[in-house]
Amino acid sequence: GLFVTDYFTRTPRKLSPFRSFASIELFHFHIPEDTVIAVWNLITFKEQGGTFGDQCPDRSITVYFRSGAPSVINPLHTHFPRDTAVPGSFALTLTWTLPNRTTGVFNVTSPLPGDWFLAAHLPKDEGKISVKGLYEECQYLFQPQLIVQRLVNIAVLYPGHVTEQSMAPHNRSCLYKVFVPSYTSRVLVEVLRCRGAEGCPLWLRVRAKAPPLHNSTTLDCREHTPCQLAQDLPFWQHWYYVLVEKHPGVPGTVSFQVTVQLTDCSRPSLARPPFLPSSASMNMPHSFGSAGGLALGDSPPPTSPNDTKHPVPISVTSHAGERCWPVRPTLRNELDTFSVHFYIFFGPNVSVPPDRPAVFVINLLPVLDSGGVLNLELRLNVSSLCGENVTVFGCLNHEVPLTSADNTSVTCETESLAGFLLSVNATASLSRLRIPYPQTGSWYLSLRSLCATEHGFEPCTNVTAEVYLRAYLSPCINDCGIYGQCKLLRTNNYLYAACECKAGWNGWGCTDNAEAFSYGFQLLSTLLLCLSNVMFVPPVAIAVRSHYLLEAAVYIFTMFFSTFYHACDQPGIVVFCIMEYDVLQFCDFLGSLMSVWVTVIAMARLQPIVKQASVLYLLGAMLLSMALQMDRHGLWNLLGPSLFALGIMAVAWTARTIRRRHCYPPTWKRWAFYLCPGALIAAAAVLLYAFVETEENYFYIHSIWHLLIAGSVGFLLPPRAKPSRRLGPLPRRKGCGYQLCINEQEELGLVDPAVASINSICTS
Numbered sequence: 001g002l003f004v005t006d007y008f009t010r011t012p013r014k015l016s017p018f019r020s021f022a023s024i025e026l027f028h029f030h031i032p033e034d035t036v037i038a039v040w041n042l043i044t045f046k047e048q049g050g051t052f053g054d055q056c057p058d059r060s061i062t063v064y065f066r067s068g069a070p071s072v073i074n075p076l077h078t079h080f081p082r083d084t085a086v087p088g089s090f091a092l093t094l095t096w097t098l099p100n101r102t103t104g105v106f107n108v109t110s111p112l113p114g115d116w117f118l119a120a121h122l123p124k125d126e127g128k129i130s131v132k133g134l135y136e137e138c139q140y141l142f143q144p145q146l147i148v149q150r151l152v153n154i155a156v157l158y159p160g161h162v163t164e165q166s167m168a169p170h171n172r173s174c175l176y177k178v179f180v181p182s183y184t185s186r187v188l189v190e191v192l193r194c195r196g197a198e199g200c201p202l203w204l205r206v207r208a209k210a211p212p213l214h215n216s217t218t219l220d221c222r223e224h225t226p227c228q229l230a231q232d233l234p235f236w237q238h239w240y241y242v243l244v245e246k247h248p249g250v251p252g253t254v255s256f257q258v259t260v261q262l263t264d265c266s267r268p269s270l271a272r273p274p275f276l277p278s279s280a281s282m283n284m285p286h287s288f289g290s291a292g293g294l295a296l297g298d299s300p301p302p303t304s305p306n307d308t309k310h311p312v313p314i315s316v317t318s319h320a321g322e323r324c325w326p327v328r329p330t331l332r333n334e335l336d337t338f339s340v341h342f343y344i345f346f347g348p349n350v351s352v353p354p355d356r357p358a359v360f361v362i363n364l365l366p367v368l369d370s371g372g373v374l375n376l377e378l379r380l381n382v383s384s385l386c387g388e389n390v391t392v393f394g395c396l397n398h399e400v401p402l403t404s405a406d407n408t409s410v411t412c413e414t415e416s417l418a419g420f421l422l423s424v425n426a427t428a429s430l431s432r433l434r435i436p437y438p439q440t441g442s443w444y445l446s447l448r449s450l451c452a453t454e455h456g457f458e459p460c461t462n463v464t465a466e467v468y469l470r471a472y473l474s475p476c477i478n479d480c481g482i483y484g485q486c487k488l489l490r491t492n493n494y495l496y497a498a499c500e501c502k503a504g505w506n507g508w509g510c511t512d513n514a515e516a517f518s519y520g521f522q523l524l525s526t527l528l529l530c531l532s533n534v535m536f537v538p539p540v541a542i543a544v545r546s547h548y549l550l551e552a553a554v555y556i557f558t559m560f561f562s563t564f565y566h567a568c569d570q571p572g573i574v575v576f577c578i579m580e581y582d583v584l585q586f587c588d589f590l591g592s593l594m595s596v597w598v599t600v601i602a603m604a605r606l607q608p609i610v611k612q613a614s615v616l617y618l619l620g621a622m623l624l625s626m627a628l629q630m631d632r633h634g635l636w637n638l639l640g641p642s643l644f645a646l647g648i649m650a651v652a653w654t655a656r657t658i659r660r661r662h663c664y665p666p667t668w669k670r671w672a673f674y675l676c677p678g679a680l681i682a683a684a685a686v687l688l689y690a691f692v693e694t695e696e697n698y699f700y701i702h703s704i705w706h707l708l709i710a711g712s713v714g715f716l717l718p719p720r721a722k723p724s725r726r727l728g729p730l731p732r733r734k735g736c737g738y739q740l741c742i743n744e745q746e747e748l749g750l751v752d753p754a755v756a757s758i759n760s761i762c763t764s
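Using the UniProt record's numbering, you'd call the opening residue of the sequence shown number 1 and step up by one each time.
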């Protein structure tokens, strides 16, 4: 056949350490039909500061693959919520082959067509809290690329027709496909009139949705006469691929005929008439018809003049389980994103008769519905059992209903079909099922009632069970509980939801409490973070005593909003918010930076020039507000104002030192007992905040940060001189101009100038 190669790529994205599914990077691809091989090229490289990160450590990268919906992953091996089904996926771990780059390849032969999803993440880290911009972080970028090779012009088989084929010596196989419509219970593929050098040296392989593989359903035509391969309960509304493969080493040409017969389950004794219009194309409702209601066949497309096709008899031997039952549709009611309710006509209470199953269909839209959770709930009305020991079994299957003729069977799986089993009885009258990230398409729920006896389950007689059925789509499982937050995430044009847990809780629904914080621990951490702000009371008292009223007001503002911000910022249930979280956070950050700003400006001793000091206070408040609005977690939000204020203080102190010709402050006591201890305490606080603080020790390290910062303010805040009441009016010299009085004790920076005598030097 003719092959066509398609190429798809995605933009590189930065990977994050795994904490929950909300921290992964999700990539969405679409594989076309008739694809024989798909190759993912997984490119990973390091960056640090805009260049290649050769010095970055090697961290393994895990990539997950799944068809139809995102992967449900559990790298931390946490517990899933109760009644949750976990679909499988492929996983691949990438290791580094070069200092700053590595490449991995993942091949899938004959992949399923449609949506494919890749999820990638880094291993979980220690949870260190780093200051943004303090140093160049190592970034691990991941870029997947997809190369697909697909066949074009695959021969189509039409039900009830014969296709003749001659396989040349240089050919190994012939590939066909046939479309299976709804309400088909059996697909029968048969090889006729096979002639070759060694009898019929052919293999017959059949597979749904994609070309067959080596492990697909296979039949050796040498050993089976006639060469017939049947598929019971085929997937509806899908292509089935038929591969006729020649044995290796067979010389000469092999000629044969291929035919396909589809059995209509509404008429078990007949195959689908080849010349009647399709019920699907006519939009014929099947839900309210009788069990043996009308079901029409598919009409074949126009045939090519080069194809040789002959009608074959449509009578087929009846098989068990080929009879299908009416399928009741559900009404889709969209409330919000991933919030969809499926209502049953004349429901939600449904009757399950004893002689036949009740079948319902739930249609999930492609792409739109695969990012949520499919929830199913069955509740048995015990009063409807009339004292009988009745058990209602439900089978939820994808793309085809499982209605076995064996009324005593309680399994929801076959060789080619897997499903989910639910059961309710008088003892356990409630059953739930949750499927995170379900595959889209049609989901069929088959309900059957069986009576328990000494010999197992048997069909019931004259008992119609009544079941309350509820089916809905939700963003997360139970809205992630009280210890989680359901987040709506987006990758390009694809939406999905995931839980982000807190307070040590883990798991897909934040229900795993193996590492959860106890209530006492949550209360203790909240009290430590809040009450540690009481340390600002001494600096407020010192500022008021020294007549630094503006500084005292800033310290009170910081103490108030820091207390209530940390009371609102707690991850558990010990939370108290007096305002919106964003307002409290902004005020807390602004108060912290303003406390640093006004303290350093006060240390600069600009009191003689009152207007300039007021301008600096106002300018600092405006600039800090602007910087916090731009980026509240940036490094320069803390360093910028602090360095600027320190520069002003250094200029003021240098000017005084030059004018007085000795170091300022001049006394060693001021340096030894106030400036040096305050600077050391502030430096220790900054080091703890920048390098020691992690998510695990946050509550007590940050509390120590509060204590140290407030304590350093008490040491660094300078004293203010008080004028003595015993001083009379100073003599004024003759001449024009203003008189400038300089307080020597204030210039010396003494703590209590009222004790010593005051000598004023007045100059005109």
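All C-beta atoms in this analysis are idealised placements derived from N, C-alpha and C, irrespective of residue type, glycine included.
- Contact between Pro144 and Arg10 is confirmed by a C-beta separation of about 6 Å, below the 8 Å threshold.
- Shown here for Thr95: same chain residues with a beta carbon closer than 8 Å to its own, the five before and five after excluded, namely Asp58, Ser60 and Thr102 in chain order.
- Under DSSP, Pro17 takes part in a beta bridge, and its partners are Leu122.
- Residue Ser110 holds the alpha-carbon nearest to the alpha-carbon of Val39 among Asn492, Pro353, Ser110 and Pro538.
- Judged by beta-carbon spacing, Val340 lies beyond the 7 Å limit of Leu433, meaning their Cβ atoms are not closer than that value.
- As computed with DSSP, Trp597 is found in no beta bridge at all.
- By the beta-carbon neighbour count (other beta carbons within 10 angstroms, threshold 16), Ala685 is buried.
- The Cβ-Cβ distance between Val424 and Val352 does not fall below 7 Å.
- Within the same chain, Cβ atoms closer than 7 Å to the Cβ of Arg13 are found at Glu25, Leu141 and Phe142, the five residues on either side in sequence being excluded.
- Comparing C-alpha distances from Phe673 to each of Trp705, Glu696, Phe715 and Glu137 shows the shortest one belongs to Phe715.
- Per DSSP, Ile129 lies in no beta strand (DSSP E) segment and is marked neither H nor E.
- Counting of Cβ neighbours within 10 angstroms places Gly678 among the buried residues, the total reaching 16 or more.
- Annotation for Gln522: no beta strand (DSSP E) segment contains it, though the alpha helix (DSSP H) segment containing it runs Tyr519 to Leu531.
- Shown here for Arg205: same chain residues with a beta carbon closer than 6 Å to its own, the five before and five after excluded, namely Pro212, Ser216, Thr218 and Leu243 in chain order.
- Annotated three-state conformation of Cys577 is coil, per DSSP.
- Pairing Cys499 with Cys480 gives a Cβ-Cβ distance under 7 Å.
- At the C-beta level, Leu364 and Ile435 stay beyond 7 Å of one another.
- In the assembly as shown, Met622 is an exposed residue. Its beta-carbon has fewer than 16 other beta-carbons within 10 Å.
- If you look at Ala38, you'll find it in the beta strand (DSSP E) that goes Thr35 to Gln48.
- The shortest C-alpha to C-alpha distance from Met167 to any of Cys200, Val600, Tyr135 and Ala690 is the one to Cys200.
- Note on geometry: alpha-carbon atoms of Asn493 and Thr511 lie some 30 Å from one another.
- The C-alpha of Arg332 lies about 18 Å from the C-alpha of Leu378.
- For Glu334, the number of other beta carbons within 10 angstroms of its own is below 16, and it is reported as exposed.
- Cβ-Cβ separation between Leu422 and Ser431: approximately 5 Å, consistent with a contact (criterion under 8 Å).
- Residues of the same chain with a CB within less than 6 Å of the CB of Pro538, apart from the 5 flanking positions on each side, are Gly714 in chain order.
- The DSSP-derived three-state label of His547 is coil.
- Counting only residues of its own chain and dropping the five nearest sequence neighbours on each side, Met559 has a CB closer than 6 Å to the CB of Asn533 and Phe536.
- For Asn397, the pairing in a beta bridge is given by DSSP as Gly419 and Tyr444.
- Between Leu445 and Leu396, the gap from beta carbon to beta carbon is short of 7 Å.
- Among the bridge pairs identified by DSSP, Tyr140 is matched with Lys46.
- In terms of Cβ geometry, Val72 and Tyr437 form a close pair [threshold 7 Å].
- Going by beta carbons, Ala471 and Ile362 fall inside the 7 Å limit.
- Annotation: Leu628 to Leu584 spans about 13 Å, alpha carbon to alpha carbon.
- Taking C-beta separations shorter than 7 Å and ignoring five residues to either side along the sequence, the partners of Val598 in its chain run Leu550, Glu551, Val554 and Tyr617, following chain order.
- The stretch 189–197 makes contact with the stretch 245–259: 3 or more CB pairs, one atom from each, lie closer than 8 Å.
- Comparing alpha-carbon positions, the option among Leu528, Pro401, Ala690 and Leu368 lying closest to Pro326 turns out to be Pro401.
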